[in-house]
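In terms of numbering that gives the first Met the number 0, the sequence shown opens at residue 0 and continues consecutively. A short write-up of the structure that comes next.
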Amino acid sequence: MKITDTEKDLTKAAFKNREYMITHLPYEREMEFYQSVKTGNINEAKRLFKPLGGSGYGMLSDDPLRNLKYHLVVTIAFITRYCMEGGMEMETAYNLSDIYILRVDRCVSEDEIHAIHKEVVRDFTSRMHAIVKKGLFSKPILICLDIIYDNLHNKITLNDLAEKVGLSAPYLSKLFHREVGCTVSQYISRKRVEAAENLLKYSDYSCIEIANYLCFNSESYFIQVFKAITKLTPKAYRDKYFRTQWGEK
Numbered sequence: 000m001k002i003t004d005t006e007k008d009l010t011k012a013a014f015k016n017r018e019y020m021i022t023h024l025p026y027e028r029e030m031e032f033y034q035s036v037k038t039g040n041i042n043e044a045k046r047l048f049k050p051l052g053g054s055g056y057g058m059l060s061d062d063p064l065r066n067l068k069y070h071l072v073v074t075i076a077f078i079t080r081y082c083m084e085g086g087m088e089m090e091t092a093y094n095l096s097d098i099y100i101l102r103v104d105r106c107v108s109e110d111e112i113h114a115i116h117k118e119v120v121r122d123f124t125s126r127m128h129a130i131v132k133k134g135l136f137s138k139p140i141l142i143c144l145d146i147i148y149d150n151l152h153n154k155i156t157l158n159d160l161a162e163k164v165g166l167s168a169p170y171l172s173k174l175f176h177r178e179v180g181c182t183v184s185q186y187i188s189r190k191r192v193e194a195a196e197n198l199l200k201y202s203d204y205s206c207i208e209i210a211n212y213l214c215f216n217s218e219s220y221f222i223q224v225f226k227a228i229t230k231l232t233p234k235a236y237r238d239k240y241f242r243t244q245w246g247e248k
């Protein structure tokens, strides 16, 4: 059987690691660290925190700066998924991940990368601590939150969600209100308005296009809901915030 290039590289890497006594972080310790972030255990996360690039880290690039960047991106990806499993909303987790990875990409020094690494761990762990303190969402509610996030541009009904999680609509309605603190329809409206805020800030789509995309019944209803939540009309919001953050970068 022909040995593939990957198999050759794997054999060479194993030989090099043995020759120079290079080892990776013990799996148990690594998982223990991610678990401490997931459960919001700030003291434990501090204890288990290990700076990037030292003993136990593999070589992902010949360039030292790029090597650290790659390791931090991997770390952020793991932390993001662990925190979603722990009860962080998928939207929040992925947005945080994107923000931090973009910051990593802009780094021009190792000190910047190490600073972001500490900030990522502190931020995610603190957020998980707050979530745990409030009480974790149950699995049916977590599934509902993910479905809602993925379908803001589609019609979503309580009956649809109930069918997906295998509960009756009345029971899911009560469970959702108890855990999330608002009704399903209120939560959907709030998330659609948050999506509309981003479109008003960073896109050229018209108010009616945004209303249609986010499944509002009409432009007037979109304006009504948007103003009730943000205290501004969509036009006033765009006039105030349109691409303002771009000039700050």
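C-beta: ideal position from N, C-alpha, C; glycine also.
Burial state of residue i, where buried means 16 or more other Cβ atoms lie within 10 Å
{"i": "Thr22", "result": "Residue placement at Thr22 cannot be trusted, given a pLDDT of 42 that sits under 50; the coordinates are not used to answer."}
{"i": "Glu196", "result": "buried"}
{"i": "Tyr170", "result": "exposed"}
{"i": "Arg237", "result": "buried"}
{"i": "Ala129", "result": "exposed"}
{"i": "Gly39", "result": "buried"}
{"i": "Leu101", "result": "exposed"}
{"i": "Asn216", "result": "exposed"}
{"i": "Gly85", "result": "buried"}
{"i": "Ser96", "result": "buried"}
{"i": "Asn66", "result": "buried"}
Cβ-Cβ distance between residue i and residue j below 8 angstroms
{"i": "Glu178", "j": "Ser137", "result": "yes"}
{"i": "Arg189", "j": "Ile228", "result": "yes"}
{"i": "Ile146", "j": "Leu160", "result": "yes"}
{"i": "Thr232", "j": "Phe225", "result": "yes"}
{"i": "Met30", "j": "Met87", "result": "no"}
{"i": "Phe175", "j": "Val164", "result": "no"}
{"i": "Leu213", "j": "Ala235", "result": "no"}
{"i": "Ile112", "j": "Leu59", "result": "no"}
{"i": "Cys82", "j": "Phe32", "result": "no"}
{"i": "Glu109", "j": "Tyr148", "result": "no"}
{"i": "Leu151", "j": "Arg191", "result": "yes"}
Cβ separation of residue i and residue j, assumed to be a contact under 8 angstroms, to the nearest whole Å
{"i": "Ile187", "j": "Ile155", "result": "6 angstroms"}
{"i": "Tyr93", "j": "Ile115", "result": "Not really, about 17 angstroms apart at Cβ, beyond 8 angstroms."}
{"i": "Ile78", "j": "Val36", "result": "6 angstroms"}
{"i": "Lys49", "j": "Cys106", "result": "19 angstroms between Cβ atoms; not a contact."}
{"i": "Leu71", "j": "Val103", "result": "5 angstroms"}
{"i": "Leu199", "j": "Ile209", "result": "7 angstroms"}
Residue i - containing alpha helix (DSSP H), residue span
{"i": "Tyr204", "result": "No alpha helix (DSSP H) holds Tyr204; DSSP gives it neither H nor E."}
{"i": "Val179", "result": "Ala168 to Val179"}
{"i": "Ser107", "result": "Just to set this straight, residue 107 is Val in the shown sequence, not Ser. First-last for Val107: undefined, no H or E at that position."}
{"i": "Pro139", "result": "Lys138 to Asp149"}
{"i": "Ser219", "result": "Glu218 to Thr229"}
{"i": "Asp159", "result": "Leu157 to Val164"}
{"i": "Gly39", "result": "Counting along the chain, Gly39 falls outside any alpha helix (DSSP H), and DSSP gives it neither H nor E."}
{"i": "His70", "result": "Pro63 to Gly85"}
{"i": "Pro233", "result": "Pro233 to Tyr240"}
Any non-hydrogen atom of the ligand GDP within 7 angstroms of residue i CB
{"i": "Gln185", "result": "What this structure holds is no ligand at all, so the ligand GDP is not there to describe."}
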